[in-house]
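Trainee: Take this structure first; my questions come after.
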Amino acid sequence: MVRYGSLQNRDGERLLLYGLSALGLVFLAATFIPPHGYDLISYWLVNIDYANVTDLSGQGPFRYAPPVALVMTPLRSLPWEALVVLWLALQLAALWYIGGRWTLALIVFPPVWLDLVYGNVNIMLAAMIVAGFRYPALWSFALLTKVTPGVGLVWFAVRREWRSLAIALGATTAIIVVSMVIQGVGAWQDWLRFLTASMALPLPGDALPIPLLARLVVAMLIVGFAGLTDRRWLVPLGVVLAMPTLWAIAFAPLVAIAGIRRDPGGGRLATSRVTG
2 MVRYGSLQNR DGERLLLYGL SALGLVFLAA TFIPPHGYDL ISYWLVNIDY
52 ANVTDLSGQG PFRYAPPVAL VMTPLRSLPW EALVVLWLAL QLAALWYIGG
102 RWTLALIVFP PVWLDLVYGN VNIMLAAMIV AGFRYPALWS FALLTKVTPG
152 VGLVWFAVRR EWRSLAIALG ATTAIIVVSM VIQGVGAWQD WLRFLTASMA
202 LPLPGDALPI PLLARLVVAM LIVGFAGLTD RRWLVPLGVV LAMPTLWAIA
252 FAPLVAIAGI RRDPGGGRLA TSRVTG
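First residue of the sequence shown: 2, per our numbering; consecutive thereafter.
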């Protein structure tokens, strides 16, 4: 027998879903009101000039690792309007993977909406977190783009899931080797110098003024605690705290929590639990 209270809960959830989804459609349409694709422009131009980056807040040279630039280079052949539509479709696909029928509702979360507007990769990073428990090789995406969110790999380390950790690091290493063969070692040297130099650059005015090193320590503790206590939903929090710059769109990966709640047992088929 179905209880009256359970029916009320279902009706309430349905109303919430419909209401937030309708609002999400409005937010989606509003992504084109501000100048769309502020960050997407750098992906489109793929201007690898790591040595001359002097402003972390500008639309300057490409900031991700050389192999990411190699993958994105074909984007230059697309008209800007076509790229905007393609990139938005990819972001929405990632959001659908995370939220399912709640996809439109998730757009109401301001950092997600801003990520759609800017055309960044933070929503894709959130999808990677959800899938990364089952497919550890996907963590190479975090390591080769934002770099420091790779702190999520502490999950595998504290749980002694060495096979998963090896897959993640091995996939990243393989990509690096192939990139060095194709692009040369010099591109990597320039990128590493850029990473070092960027640590000394002033933070943008709209970023939270919390030093990255301090945030990394806290992020490692959070992810470590998550692994030891089997709380996967804490991993997105650790990833966000470890973001290179903690501004509004950096909080978009928190929507990975919604994906983890939809699949609370995800990854357990591919990885073993902590052993003593």
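Just so you know, even glycine gets a beta-carbon here, dropped at the ideal spot from N, CA and C. Quantities reported herein were computed from a predicted structural model and do not represent experimental measurements.
Does the separation of the CB atoms of Ser141 and Thr104 fall below 7 Å?
Mentor: No.
Trainee: What are the start and end residues of each continuous alpha helix (DSSP H) run of 4 or more residues lying completely inside the stretch 63-126, in chain order?
Mentor: Complete alpha helix (DSSP H) runs here, min 4: 67-73, 81-100, 104-107, 111-119.
Trainee: If you check the beta carbons only, do Ile250 and Leu235 fall under 7 Å apart?
Mentor: No, the pair does not count as a contact, with Cβ atoms beyond the cut-off.
Trainee: So, for Val131: in the same chain, excluding its five sequence neighbours on each side, which residues have a beta-carbon less than 8 Å away from its beta-carbon?
Mentor: If we look at Val131 and ignore the five residues flanking it on each side, its Cβ neighbours are Tyr98, Ile99, Ala257, Gly260, Ile261, Asp264, Gly267.
Trainee: Excluding sequence positions up to five away, which residues of its chain have a Cβ less than 8 Å from the Cβ of Leu166?
Mentor: Excluding positions up to five away in sequence, the list reads Pro137, Leu154, Phe157, Ala158.
Trainee: Reducing DSSP to helix, strand and coil, say where Gly239 ends up.
Mentor: DSSP places Gly239 in helix when its eight states are reduced to three.
Trainee: Taking Val152 as the reference, give the member of Val72, Leu213, Ala94 with the closest Cα.
Mentor: For Val152, the nearest C-alpha among the options comes from Leu213.
Trainee: Can you list, in chain order, the residues of its chain with a C-beta nearer than 8 Å to that of Met125? Leave out the 5 residues immediately preceding and following it.
Mentor: Taken in chain order, the residues that qualify are Leu91, Gln92, Ala95, Phe142.
Trainee: With respect to the alpha helix (DSSP H) encompassing Thr197, which residues constitute its N-terminal and C-terminal limits?
Mentor: 186-199 is the span of the alpha helix (DSSP H), which, as asked, contains Thr197.
Trainee: Given this structure, state the Cα-to-Cα distance separating Val3 from Arg15, to the nearest angstrom.
Mentor: Note that Val3 scores 48 on pLDDT, short of 50, meaning its location in the model is unreliable and no value can be drawn from it.
Trainee: Straight-line CA distance for Trp248 to Asp207?
Mentor: Looking at the two C-alpha atoms, the distance is approximately 6 Å.
Trainee: Pick from Ile176, Met200, Ala127, Arg216: whose alpha carbon is nearest that of Pro237?
Mentor: Answer by Cα proximity: Ala127.
Trainee: Assuming Ala258 is part of the alpha helix (DSSP H), what are its boundary residues?
Mentor: First, the residue type needs correcting, since residue 258 is Ile and not Ala in the sequence shown. 257-263 is the extent of the alpha helix (DSSP H) around Ile258.
Trainee: How about Ala220 and Ala253: are their beta carbons less than 7 Å apart?
Mentor: Result no, Cβ atoms of Ala220 and Ala253 do not sit closer than 7 Å.
Trainee: With DSSP as the reference, label Glu162 as helix, strand or coil.
Mentor: The answer is coil: DSSP assigns Glu162 none of H, G, I, E or B.
Trainee: Quick one: what does DSSP say Thr174 is sitting in, helix, strand or coil?
Mentor: In this structure, Thr174 counts as helix in the three-state DSSP scheme.
Trainee: Taking its Cβ as the centre, do 16 or more other Cβ atoms sit within 10 Å of Ser180, making it buried, or is it exposed?
Mentor: Burial call: buried.
Trainee: Considering just the uninterrupted stretch of the alpha helix (DSSP H) at Leu217, what are its terminal residues?
Mentor: From DSSP, the alpha helix (DSSP H) with Leu217 extends over 213-230.
Trainee: State the DSSP-derived secondary structure class of Thr146, mapped to helix, strand or coil.
Mentor: Coil at Thr146, not helix or strand.
Trainee: How would you call Tyr19, buried or exposed, if buried means at least 16 neighbouring beta carbons within 10 angstroms?
Mentor: Under this definition Tyr19 is an exposed residue.
Trainee: So the candidates are Gly101, Ile34, Arg77, Ala106; which of them puts its Cα closest to the Cα of Leu17?
Mentor: The candidate whose alpha carbon is nearest that of Leu17 is Ala106.
Trainee: My output table needs one value for Pro210: the three-state DSSP class, helix, strand or coil.
Mentor: Three-state result, Pro210: coil.
Trainee: Are the CB atoms of Trp114 and Phe33 within a distance shorter than 7 Å?
Mentor: Their beta carbons are not under 7 Å apart, which means Phe33 does not touch Trp114 by this criterion.
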